[in-house]
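In what follows, a single structure is set out as structure tokens and then discussed.
Protein chains: 2
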Amino acid sequence: MNATGPSARPLTRKGQETRQRIVDAAAGLIFRQGVANTTIEDVRAAADVSSSQLYHYFEDKTALVWAVVDHQADTMVGGQEMFDFSTLDGLRAWRDFVIAAQREHHCSGGCPIGSLGGQLAETDPDARAHVAEGFKRWEATIQGGLREMQARGELTPDTDPATLALALLAALQGGLLLTQVKRDTKPLEAALDAMLELIARLSGGNS
Amino acid sequence: MNATGPSARPLTRKGQETRQRIVDAAAGLIFRQGVANTTIEDVRAAADVSSSQLYHYFEDKTALVWAVVDHQADTMVGGQEMFDFSTLDGLRAWRDFVIAAQREHHCSGGCPIGSLGGQLAETDPDARAHVAEGFKRWEATIQGGLREMQARGELTPDTDPATLALALLAALQGGLLLTQVKRDTKPLEAALDAMLELIARLSGGNS
DNA sequence: CTCGAAATGGATCGTGCATTCCACTCTAAC
DNA sequence: GTTAGAGTGGAATGCACGATCCATTTCGAG
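Protein chains in written order, with our numbering: chain A, 17 to 223; chain B, 17 to 223.
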């Protein structure tokens with residue numbers, strides 16, 4: 017779950033801090049400008065470290081990217097824990113939150129994990145696996161809520177929570193991508209509302 | 017809609033062919049390895065041209081990328097014309113086709129336009145606009161079908177075809193992204209099936 | 001035929017950027 | 001307080017890759 021430095025070197029407290037500073041800086045830059053357009057020099061300057069430190073903590077640029085992927089997955093999945101995916105109101109609150117967040121960013125950047133996936137999937141198989149792992153954890157969170165919902169009888173028994181969670185995550189990712197490209201939250205709203213509408217209908221209501 | 021060469025130079029037939037060969041080669045390479053990992057030299061070799069020809073037809077690499085974006089949008093939108101988005105059966109046929117296509121590619125590459133959007137949105141504002149334009153045309157196709165469906169009374173009147181088309185496209189994009197990252201068609205299936213289920217329910221049926 | 005422009009070939013250049021290296025300093029265990 | 005290894009600084013290297021240049025051939029209108 018956490019990319020280690022070259023050959024799992026031991027880290028002092030100070031070392032951990034520096035390493036973290038590097039990952040944070042890299043994550044921010046990569047989110048804003050993409051993987052390919054973020055140079056080691058950019059990261060070096062933003063994290064206020066020397067280039068040797070970068071290579072002290074990370075084998076090379078790809079290793080740093082892996083660490084960023086894991087970091088973003090942690091952040092993203094962690095940030096969803098405050099929401100309740102087991103009620104329609106909880107899902108709606110989440111929907112509102114996601115949309116508001118995009119609006120704040122002026123619809124730029126897309127999904128911190130998803131966009132990494134798109135950039136790395138065909139380039140770096142290991143990174144792709146890291147991203148896939150991140151999505152898996154994310155799905156699990158959503159799935160847990162839906163399963164709970166179903167256990168309470170608020171979701172038709174013939175619905176598969178795993179599949180529905182996957183569909184919801186896909187709608188989110190696609191909505192974020194279109195929103196990023198169009199610089200407009202409408203696609204994200206449309207995608208999430210459509211999925212919530214379906215879930216509402218699957219939970220007995222039908223309007 | 018079509019990126020022109022440096023200062024709209026006139027093109028002979030042979031010139032058009034060469035230009036097309038370059039765009040085709042670039043599109044293929046970029047689809048397989050991404051924008052950043054496709055070098056001018058790669059394109060040069062694949063298209064079997066000299067580097068001067070590349071710069072004869074395209075101002076620089078970004079201009080070539082724009083042409084590729086337009087080309088992919090044309091291909092994608094054109095390729096959907098054979099489907100009927102105004103009936104549930106037509107939509108299902110489209111669903112099957114898209115999924116089969118992914119399976120053939122071993123789930124790699126994602127959406128030819130969508131993945132470009134993800135890679136270029138924060139890097140090249142002009143390219144982002146080109147991608148947005150492509151999506152707009154794509155939406156229009158889907159929207160047309162849904163509107164027809166509604167005109168026949170097979171879609172509840174309070175449904176907005178534009179919004180639904182956007183949601184469907186988002187589900188497709190997200191499904192393709194997850195499928196690309198996971199190398200498994202399940203996410204794509206889940207996303208499209210969910211949207212089709214919703215559309216089915218919006219067209220009167222409710223199971 | 002012929003002349004100007006388009007098309008082509010390929011060598012060359014310049015540099016952005018990942019990576020390496022070595023010298024020096026700090027930390028913490030014993 | 002000594003020492004081994006972690007941490008830091010910054011200069012130096014090397015090359016991949018985008019871009020330029022110029023010479024040569026082909027095309028097509030008049």
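Where a beta carbon is used, it is the ideal one built from N, C-alpha and C, also for glycine.
{"Asked": "Just the C-alpha distance for L45(A) and A89(A), rounded to the nearest angstrom, thanks.", "Found": "16 Å"}
{"Asked": "Identify each residue in the stretch 132–152 of chain A for which the Cβ-Cβ distance to at least one residue of chain B is less than 7 Å, and report them in chain order.", "Found": "G133, G134, Q135, A137, E138, T139, R144, V147, A148 and F151"}
{"Asked": "As a quick exercise: from A187(B), M165(B), R144(B) and E213(B), pick the residue whose alpha carbon is nearest that of K198(A).", "Found": "R144(B)"}
{"Asked": "Mind reading off the beta-carbon distance from Q189(A) to V51(A)? Whole number of angstroms is fine, and I expect it under 8 Å.", "Found": "18 Å between Cβ atoms; not a contact."}
{"Asked": "Just mark A19(B) as buried or exposed, buried being the case when its beta carbon has 16 or more other beta carbons within 10 Å.", "Found": "For A19(B), the predicted model reports a pLDDT of 47, less than 50, meaning its position is unreliable; a value from the coordinates is still stated below. Buried: at least 16 other Cβ atoms inside 10 Å."}
{"Asked": "Please check if any C-beta of chain B sits within less than 9 Å of the C-beta of V197(A).", "Found": "yes"}
{"Asked": "Using CA coordinates, which residue listed in V85(B), T157(B) and I215(B) is at the minimum distance from D174(B)?", "Found": "I215(B)"}
{"Asked": "Could you check what DSSP says for D105(B) in three-state terms: helix, strand or coil?", "Found": "helix"}
{"Asked": "Use the C-beta contact count for R111(A): other C-beta atoms within 10 angstroms, 16 or more gives buried, fewer gives exposed.", "Found": "buried"}
{"Asked": "At 7 Å on the CB atoms, spell out the chain A contacts of S219(B), in chain order.", "Found": "Ordered by position in chain A, no residue passes the 7 Å Cβ test against S219(B), which lies about 13 Å from the chain."}
{"Asked": "So the candidates are G133(A), G31(A), T91(A) and T179(A); which of them puts its Cα closest to the Cα of Y71(A)?", "Found": "G31(A)"}
{"Asked": "Could you work out which residue in Q196(A), E205(A), T157(A) and D64(A) is closest to H122(A) when comparing CA atoms only?", "Found": "Q196(A)"}
{"Asked": "Is there a C-beta anywhere in chain B that falls below 9 Å from the one on E33(A)?", "Found": "no"}
{"Asked": "Measuring straight from C-alpha to C-alpha, what distance separates A133(A) and A148(A)?", "Found": "Looking at the sequence provided, one finds Gly at residue 133(A) rather than Ala. Their Cα atoms are separated by approximately 8 Å."}
{"Asked": "Using the Cβ count rule (16 or more neighbours within 10 Å means buried), how would you classify G161(A)?", "Found": "buried"}
{"Asked": "Between the C-alpha atoms of E155(A) and E33(B), what's the straight-line distance to the nearest angstrom?", "Found": "47 Å"}
{"Asked": "Which residue from L27(A), L194(A), S124(A) and A167(A) puts its Cα closest to that of T139(B)?", "Found": "S124(A)"}
{"Asked": "Look at the Cβ atom of L204(A), then the Cβ atom of Q118(A), and state whether they are nearer than 9 Å.", "Found": "yes"}
{"Asked": "Measure the alpha-carbon distance for E57(B) versus V65(B) and round it to whole angstroms.", "Found": "10 Å"}
{"Asked": "Quick check on Q32(A): does DSSP put it in helix, strand or coil?", "Found": "helix"}
{"Asked": "Using CA coordinates, which residue listed in G191(B), S102(B) and A137(B) is at the minimum distance from Q159(B)?", "Found": "S102(B)"}
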